[in-house]
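Visitor: Residue 133 in the numbering used here is what sits at position 95 of the sequence shown, and the numbering runs on without skipping anything.
Below is the structure I would like to discuss, written out as structure tokens.
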Amino acid sequence: MKLYEVNQLIADIFEQLVNPETGEIISDEALLAQLDSLQMERSRILEYLAKLVLNTRAEAAAVKNEELRLRERRAKLDNKVDRLMAILDRECAGEKTDCGVATVCYRKTTKVDVDDNRAAVSWLMENGYSYCYKQAEPEVSKTEVKKLLQSGAEVPGITLVQDLSCSLR
């Protein structure tokens, strides 16, 4: 998807210096050297770079939309498979059945249903079965810690870093 026409020289430079697997620029220095060697005004180079960003951003958005569409389609297909399997299960009534192209088979399985999670975890804790339940590791709320640091508090292991964010409008 192309919104803007980008100078072919600049497009070629990026094609050569971008890893096709990861999309990362292989060498910033090489890229800058190539751009500096162009016989072009700096403002034109910046314009083409901005257009390249906008084109790439639009392509990424299109890919994201396609991912969502495919995820929804897959979910519908998975639901269809589940419904069809339920019908086969009901019709075969637990008996192995040869359907010509496939065979409906059954195997015994065991699963755990937890009716009261709080009571179960409490009992497991009291009786020393800590390996039978999971606890989420505490996570730092960066938004709240930022407010705390800005109010003058010092938190070990955390630093408030001033940065510069580049954006394109």
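Each residue gets a CB set at the ideal place from its N, CA and C atoms; glycine is no exception.
Note that the coordinates shown come from a computational prediction; the quantities given were computed from them, not determined experimentally.
(1) Could you pull out every residue in the same chain whose Cβ sits closer than 8 Å to the Cβ of V91, ignoring the five residues on either side in sequence?
(2) Within this structure, are the beta carbons of V142 and C130 separated by less than 8 Å?
(3) Going by beta carbon distance, what residues of the same chain come within less than 6 Å of N45, once the five residues before and after it are set aside?
(4) In angstroms, rounded to a whole number, what distance separates the CA positions of S208 and I196?
(5) What are the complete alpha helix (DSSP H) segments, minimum 4 residues, inside the segment 150-197?
(6) Given this structure, state the Cα-to-Cα distance separating L73 from V101, to the nearest angstrom.
Guide: Taking the definition as stated:
(1) Within the sequence shown, numbered from 1, the residue matching residue 91 stands at position 53. Answer for V91: L206, listed in chain order.
(2) Taking the first residue of the sequence shown as 1, we reach residue 142 at position 104. Taking the first residue of the sequence shown as 1, we reach residue 130 at position 92. Yes, the pair counts as a contact, with Cβ atoms nearer than the cut-off.
(3) Translated into positions along the sequence shown, residue 45 becomes position 7. Same-chain partners within the cutoff: Y86.
(4) Since the displayed the chain opens at 39 and closes at 207, residue 208 lies outside it and no answer follows.
(5) 155-164 and 180-188
(6) Counting from one through the sequence shown, the residue named residue 73 turns up at place 35. Counting from one through the sequence shown, the residue named residue 101 turns up at place 63. Their Cα atoms are separated by approximately 28 Å.
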